[in-house]
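Worksheet: the structure to be examined is printed underneath.
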Amino acid sequence: MGVTIPKTQTAIIAADEEGTLRVSQDVPVIDLEPDSVLVKTAALALNPVDSKMAKGFAVPNAILGFDFAGVVVAIGTGVTRQDLKVGDRVLGTADSMDSKRPSGGGFCQYASTVATQALRLPDDMSFTDAACMGTSLSSAGIALFRSMKVPGSLTAPNSAARTPHVLVNGGSTSTGTMALQLLKLAGFRPIATCSPSHEELVLSYGAEKTFDYRSPDCAKEIRSYTKNSLAYAIDCVTINSSMKLCYEAIGRAGGRYTALDPYPEAQATRKVVKPDWILGSRVGAVAGWPPTGGTRTPMRVSLLMSSTAAPRSTCSRASSGTNLRRSCQVGFPASWKDWR
Numbered sequence: 089m090g091v092t093i094p095k096t097q098t099a100i101i102a103a104d105e106e107g108t109l110r111v112s113q114d115v116p117v118i119d120l121e122p123d124s125v126l127v128k129t130a131a132l133a134l135n136p137v138d139s140k141m142a143k144g145f146a147v148p149n150a151i152l153g154f155d156f157a158g159v160v161v162a163i164g165t166g167v168t169r170q171d172l173k174v175g176d177r178v179l180g181t182a183d184s185m186d187s188k189r190p191s192g193g194g195f196c197q198y199a200s201t202v203a204t205q206a207l208r209l210p211d212d213m214s215f216t217d218a219a220c221m222g223t224s225l226s227s228a229g230i231a232l233f234r235s236m237k238v239p240g241s242l243t244a245p246n247s248a249a250r251t252p253h254v255l256v257n258g259g260s261t262s263t264g265t266m267a268l269q270l271l272k273l274a275g276f277r278p279i280a281t282c283s284p285s286h287e288e289l290v291l292s293y294g295a296e297k298t299f300d301y302r303s304p305d306c307a308k309e310i311r312s313y314t315k316n317s318l319a320y321a322i323d324c325v326t327i328n329s330s331m332k333l334c335y336e337a338i339g340r341a342g343g344r345y346t347a348l349d350p351y352p353e354a355q356a357t358r359k360v361v362k363p364d365w366i367l368g369s370r371v372g373a374v375a376g377w378p379p380t381g382g383t384r385t386p387m388r389v390s391l392l393m394s395s396t397a398a399p400r401s402t403c404s405r406a407s408s409g410t411n412l413r414r415s416c417q418v419g420f421p422a423s424w425k426d427w428r
């Protein structure tokens, strides 16, 4: 028996261009696109980017939110995956505040994601745990393996005689904790910045060593610890001071720096360091980002998920079993009635 999909749903939308949010009970359910799957959501996850999208890139009547988990209720006619069917439990990432697809956000009852980005859940993974992994897993994967091109992967871990260090600036963030785990699995020696109160947490996610980002000697201490050879830094904070710290921590020979936002170009002070920033987005379609009138133009957009199965299988392998732990989680309403 097929699943009956309503025409409208409850969702969190932007009421105006200033980013005032409201819960609406009559938001259109997105029309299923050929390359996508429709998921009845069971859990949603908040990320720092959600507040940025609401305040900096609000699109009136567009749905907010990226990360969700739930059950597949419909599959697009162009989806070729044989391992995905109606009824599967999956996690996915939606398109928050997309002016071209206003119903494409994730904070709703029926969310859509490109089929190549829908990851099936292990039987022992809850919806709440799964919902916390979408943006952090894709962002960390994009930054490490696509943007910085670290010499190793989950399928072919680094085997160099001298294992490289990789700096995770903001190690206690959701993407930071995911990056630490991916680096460990890929054969690297992850180090991280964090506050002393988060040191135990960051070490538990795989950091070899932590450094207090508030210390005036933080960059100097990192250079000393890495013997002035650090070549990779992912910046999960991306503000002037965090970029400055990363640039000062990278060794004499230079390396790669990747931010999770458009970085402050004035801080790109070393020619031997190659800066980049990433944005995980839809595949095979033009997203309406930034909205009309937006002032920040992407300098480069990198994608983790492609039309091939390799990235999907790699992420699925990473999220299966006990390989990866979800990032820190805060409770949210148990049902949609609680949002009203």
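Per the numbering used here, the sequence shown starts with residue 89, numbered consecutively. From the three backbone atoms N, C-alpha and C, an ideal C-beta is built for every residue, glycine too.
Legend entry - Straight-line Cα distance separating Val-91 from Gly-258: Counting from 1 along the sequence shown, the entry for residue 258 is found at position 170. Counting from 1 along the sequence shown, the entry for residue 91 is found at position 3. Cα-Cα distance, rounded: 43 Å.
Legend entry - Outcome for Glu-121 when other beta-carbon atoms lying within 10 angstroms are tallied against a minimum of 16: Here residue 121 is taken as the residue at index 33 of the sequence shown, counted from 1. Buried.
Legend entry - Buried versus exposed call for Ser-184 [16 or more other C-beta atoms within 10 Å across all chains shown]: By one-based count along the sequence shown, residue 184 stands at place 96. Buried: at least 16 other Cβ atoms inside 10 Å.
Legend entry - Where Ile-230 sits in the DSSP three-state scheme: Residue 230 sits at position 142 when you count from the first residue of the sequence shown. Helix at Ile-230.
Legend entry - Contacts around Glu-287, its chain only, beta-carbon distance under 6 Å, and the 5 residues preceding and following it disregarded: Against the sequence shown, residue 287 aligns to sequence position 199. Same-chain partners within the cutoff: Thr-298.
Inset, instruction - Could you check which residue in Val-161, Leu-333 and Val-115 has the C-alpha nearest to that of Leu-318? - result: For this step, residue 318 is matched to residue 230 along the sequence shown. Leu-318 has its Cα closest to that of Leu-333, out of Val-161, Leu-333 and Val-115.
Inset, instruction - Classify Arg-302 as helix, strand or coil using the three-state DSSP reduction. - result: Residue 302 sits at position 214 when you count from the first residue of the sequence shown. In the structure shown, Arg-302 sits in coil (DSSP, three-state: anything other than H, G, I, E or B).
Inset, instruction - Return the CA-CA distance between Phe-195 and Ala-99, expressed in angstroms with no decimal places. - result: Here residue 195 is taken as the residue at index 107 of the sequence shown, counted from 1. Here residue 99 is taken as the residue at index 11 of the sequence shown, counted from 1. Between Phe-195 and Ala-99, the C-alpha separation is close to 6 Å.
Legend entry - Thr-223 in three-state terms, based on DSSP: As a position in the sequence shown, residue 223 is number 135, starting the count at 1. Thr-223: helix per DSSP, three-state reduction.
Inset, instruction - Spatial neighbours of Val-254 within its chain, please: CB distance less than 6 Å, with the 5 preceding and 5 following residues excluded, ordered by chain position. - result: Numbered from 1 along the sequence shown, position 166 holds the residue referred to as residue 254. Leu-271, Phe-276, Pro-278 and Tyr-320, listed in sequence order.
Inset, instruction - Only counting runs of 3 or more residues, tell me where the beta strand (DSSP E) segments fall wholly within the stretch 137–190, in order along the chain. - result: 155–163 and 177–181
Inset, instruction - Could you pull out every unbroken alpha helix (DSSP H) segment of at least 4 residues lying fully inside the stretch 263–325, listed in chain order? - result: 287–292 and 306–313
Inset, instruction - Determine the contact status of Asp-114 and Thr-129, defining contact as a CB-CB distance below 7 Å. - result: Walking along the sequence shown from the start, residue 114 turns up at place 26. Walking along the sequence shown from the start, residue 129 turns up at place 41. Cβ atoms of Asp-114 and Thr-129: not closer than 7 Å.
Legend entry - Counterpart residues of Ala-347 in DSSP-defined beta bridges: In the sequence shown, counting from the first residue as 1, residue 347 sits at position 259. Ala-347 is bridged to Asp-323 and Trp-365.
Inset, instruction - Inspect the beta-carbon positions of Gly-222 and Thr-181 and report whether they are closer than 7 Å. - result: Position 134 of the sequence shown, counting from 1, holds the residue named residue 222. Position 93 of the sequence shown, counting from 1, holds the residue named residue 181. Against a cut-off of 7 Å, the Cβ pair of Thr-181 and Gly-222 comes out as a contact.
Inset, instruction - Could you tell me whether the stretch 200–209 touches the stretch 139–149, using the rule of 3 or more Cβ pairs below 8 Å? - result: no
Inset, instruction - Report the three-state DSSP secondary structure of Leu-333 (helix, strand or coil). - result: As a first step, residue 333 is located in the sequence shown; it is residue number 245 there, counting from the start. Reduced to three states, the DSSP call for Leu-333 is helix.
Inset, instruction - Could you tell me how far apart the beta carbons of Leu-348 and Asp-323 are, in whole angstroms, since I believe they sit closer than 8 Å? - result: On the sequence shown, residue 348 is found 260 positions in, with the first residue counted as 1. On the sequence shown, residue 323 is found 235 positions in, with the first residue counted as 1. Indeed, because the Cβ distance is near 7 Å, the residues count as touching under 8 Å.
Inset, instruction - Check each candidate in Thr-261, Ile-366, Val-361 and Ser-112 and name the one with the smallest Cα separation from Tyr-293. - result: As a working note, residue 293 is residue 205 in the sequence shown. Here the closest residue by C-alpha is Thr-261.
Inset, instruction - Using 10 angstroms around the beta-carbon of Asp-138, count the other beta-carbons present and answer buried if the total reaches 16, otherwise exposed. - result: The residue labelled residue 138 in the question sits at position 50 within the sequence shown. Label assigned to Asp-138: buried.
Inset, instruction - Would you mind sorting Val-256 into buried or exposed? The rule is 16 or more other CB atoms within 10 Å of its CB. - result: As a first step, residue 256 must be located in the sequence shown, where it is residue number 168. Classification for Val-256: buried.
Legend entry - CA nearest to the CA of Asn-135, picked from Trp-365, Val-325 and Val-360: Working through the sequence shown from its first residue, we reach residue 135 at position 47. Asn-135 has its Cα closest to that of Val-325, out of Trp-365, Val-325 and Val-360.
Legend entry - Cα-Cα separation between Asp-186 and Met-141, rounded to whole angstroms: Counting from one through the sequence shown, the residue named residue 186 turns up at place 98. Counting from one through the sequence shown, the residue named residue 141 turns up at place 53. Roughly 10 Å between the two C-alpha positions.
Legend entry - Minimum C-alpha distance to Glu-105 - residue among Asn-149, Pro-116 and Ile-93: In the sequence shown, the residue the question calls residue 105 occupies position 17. Scanning Asn-149, Pro-116 and Ile-93 for the CA closest to the CA of Glu-105 turns up Asn-149.
Legend entry - Straight-line gap, Val-167 to Phe-156 (C-alpha atoms, nearest Å): Residue mapping note: residue 167 aligns to position 79 of the sequence shown, counting from 1. Residue mapping note: residue 156 aligns to position 68 of the sequence shown, counting from 1. In a straight line, the C-alpha of Val-167 is about 20 Å away from that of Phe-156.
Legend entry - Other residues of its chain near Cys-282: CB distance less than 6 Å, five sequence neighbours each side excluded: Looking up residue 282 in the sequence shown gives position 194. Same-chain partners within the cutoff: Gly-259, Ser-260, Val-290 and Thr-298.
Inset, instruction - Below 8 Å on the Cβ atoms is my guess for Trp-365 versus Pro-352; work out the distance and round it to an integer in Å. - result: As a working note, residue 365 is residue 277 in the sequence shown. As a working note, residue 352 is residue 264 in the sequence shown. Contact doesn't hold; Cβ gap of about 10 Å is too wide.
Legend entry - Buried or exposed by the 16-neighbour rule on C-beta atoms within 10 Å, applied to Met-274: Against the sequence shown, residue 274 aligns to sequence position 186. The amino acid occupying residue 274 in the given sequence is Ala; Met does not appear at that position. Taking all protein chains in view, the Cβ of Ala-274 is crowded by 16 or more other Cβ atoms within 10 Å, so the residue is classified as buried.
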